[in-house]
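Residues in the sequence shown are numbered from 13 upward in steps of one, following this note's numbering. We put the CB at the ideal spot given by N, CA and C, even for glycine. All figures in this text were calculated on a predicted structure; none of them were measured in a lab. First comes the structure, then the notes that go with it.
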Amino acid sequence: MNNMKRHVVKLVQNVVKEYASTEIPVFDEICCGLGLDVKEGPLPYGTDGTHEGRTICINSAIQNEERKRFTQFHEVTHYLIEKDEDLISQLHEYTWSQKTGYKEPLETLCNIGAAEFLMPSNIFSRLYEEKGFNVKLIPLAARYFKSSTIATTIQLAQVAPNECITSVFEYGFIPENTIKSQNQLFDMKYHVSKLKWHVVYSASSPAANRWLAKYTVFPDDHLINRAFSQAQTLEGKSKIFFPSWQESCTCEALPYRKRVYALFHLTPPPNTNQLTFMPDLLSETVS
Ligand SMILES: [Zn+2]
13 MNNMKRHVVK LVQNVVKEYA STEIPVFDEI CCGLGLDVKE GPLPYGTDGT HEGRTICINS
73 AIQNEERKRF TQFHEVTHYL IEKDEDLISQ LHEYTWSQKT GYKEPLETLC NIGAAEFLMP
133 SNIFSRLYEE KGFNVKLIPL AARYFKSSTI ATTIQLAQVA PNECITSVFE YGFIPENTIK
193 SQNQLFDMKY HVSKLKWHVV YSASSPAANR WLAKYTVFPD DHLINRAFSQ AQTLEGKSKI
253 FFPSWQESCT CEALPYRKRV YALFHLTPPP NTNQLTFMPD LLSETVS
């Protein structure tokens, strides 16, 4: 999967280099360069966008500008992947060996492509070198790039220097039809009837070889819940729950609006003092 992620990021970077006049590309410019036709119209509920050949359709019901921009570039990435025979065969091979469906890894790759369009990794990396690599970068980068916090959570993992997992948590009911793919460590039948903190989005850094499944429930005594109830960012040793095992690692949890954003460091994060020191040196040299 990591090779495919890198491949998609490269595809996006090449397109940006070829067609964009600014570091952060404008959608119309990219579509014009690729010869894509864009339409807006009604689509079934729950479908933000579709594409067929060179035509992209965006659901006209989307009100949120950030969500719309993310969908636009998600669909462009679908187009780019579809044209890349090498990537398609890698994807088929991967889904065959993992015995997973084709759609889920494809959607993950399109989200990674969209995040790279909206928040180019070289600019994002400069931002974390300046501010330090921590969970607070999620709201900060979202404001900086005028992107959604979900897209920013995905991109934070992509530029991460260590093995880590970024996630968005919500408090609510778990859909019953997800029980079978759930964490074996909990009695899911019990959880389904209760409001629980659970994963709604998650991304793994290129160096990490494990991922957090959607709808994984986290217990009430976890740092995620404590950060939310204390309304402050917390950091400490905590558990992370994979489908059939759990690990202890350093976790950062940031409550923001009705969600909690988390960064799980599977290997230690880089030395922040060193990182925050570097840009000062650089800016002195430049100016
Ligand atoms: Zn899609």
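- Between ligand 1 and the CB of residue 119, the shortest heavy atom gap is smaller than 6 angstroms.
- In the assembly as shown, residue 214 is a buried residue. Its beta-carbon has 16 or more other beta-carbons within 10 Å.
- In the DSSP assignment, residue 276 falls within the unbroken beta strand (DSSP E) covering 271-277.
- Taken atom to atom, the span from the alpha-carbon of residue 161 to that of residue 212 is near 12 angstroms.
- Per DSSP, the unbroken alpha helix (DSSP H) holding residue 102 starts and ends at 97-110.
- Taking each of 231, 245, 73 and 114 in turn and checking the Cα distance to residue 94, the smallest one comes out for 114.
- Collapsing the DSSP output to three states places residue 267 in a strand.
- Residue 122 has its CB nearer than 6 angstroms to a heavy atom of ligand 1.
- At a Cβ-Cβ threshold of 7 angstroms, residue 133 and residue 176 do not count as neighbours.
- Around the beta carbon of residue 154, 16 or more other beta carbons sit within 10 angstroms, so the residue counts as buried.
- Pairing residue 65 with residue 49, the inter-Cα distance amounts to about 9 angstroms.
- Pairing residue 73 with residue 84, the inter-Cα distance amounts to about 14 angstroms.
- According to DSSP, residue 71 shares a beta bridge with 53.
- For residue 24, the enclosing alpha helix (DSSP H) begins and ends at 14-31.
- A direct Cα-Cα distance of roughly 12 angstroms separates residue 109 from residue 101.
- Listed in chain order, the non-local C-beta contacts of residue 47 below 7 angstroms within the same chain comprise 66, local neighbours out to five positions each way being set aside.
- In the structure shown, residue 211 falls within a strand segment according to DSSP collapsed to helix, strand and coil.
- In the same chain as residue 224, and ignoring 5 residues on each side of it, the C-beta atoms closer than 6 angstroms to its own belong to 177, 179, 211 and 214, in chain order.
- Inter-segment contact for the segment 25-41 and the segment 144-153 is absent: fewer than three beta-carbon pairs are separated by less than 8 angstroms.
- Per the DSSP secondary-structure output, residue 252 pairs in a beta bridge with 259.
- If you draw a straight line from the Cα of residue 90 to the Cα of residue 63, it is about 8 angstroms long.
- Between the beta-carbon of residue 207 and that of residue 185 there is about 6 angstroms, and that keeps the pair under the 8 angstroms contact cut.
- With a cutoff of 7 angstroms on beta-carbon distance, residue 265 and residue 278 are scored as not near each other.
- Residue 54 has its alpha-carbon roughly 46 angstroms from the corresponding atom of residue 282.
- Secondary structure within the segment 129-171: not one fully enclosed beta strand (DSSP E) run of 3 or more consecutive residues is present.
- Scanning its chain for C-beta atoms nearer than 6 angstroms, with the 5 sequence neighbours on each side dropped, one finds around residue 140 the residues 149, in chain order.
- Taking C-beta atoms as the reference points, residue 19 and residue 130 fail to come closer than 7 angstroms.
- Here residue 127 really is in contact with residue 170; their C-beta atoms are around 7 angstroms apart, less than 8 angstroms.
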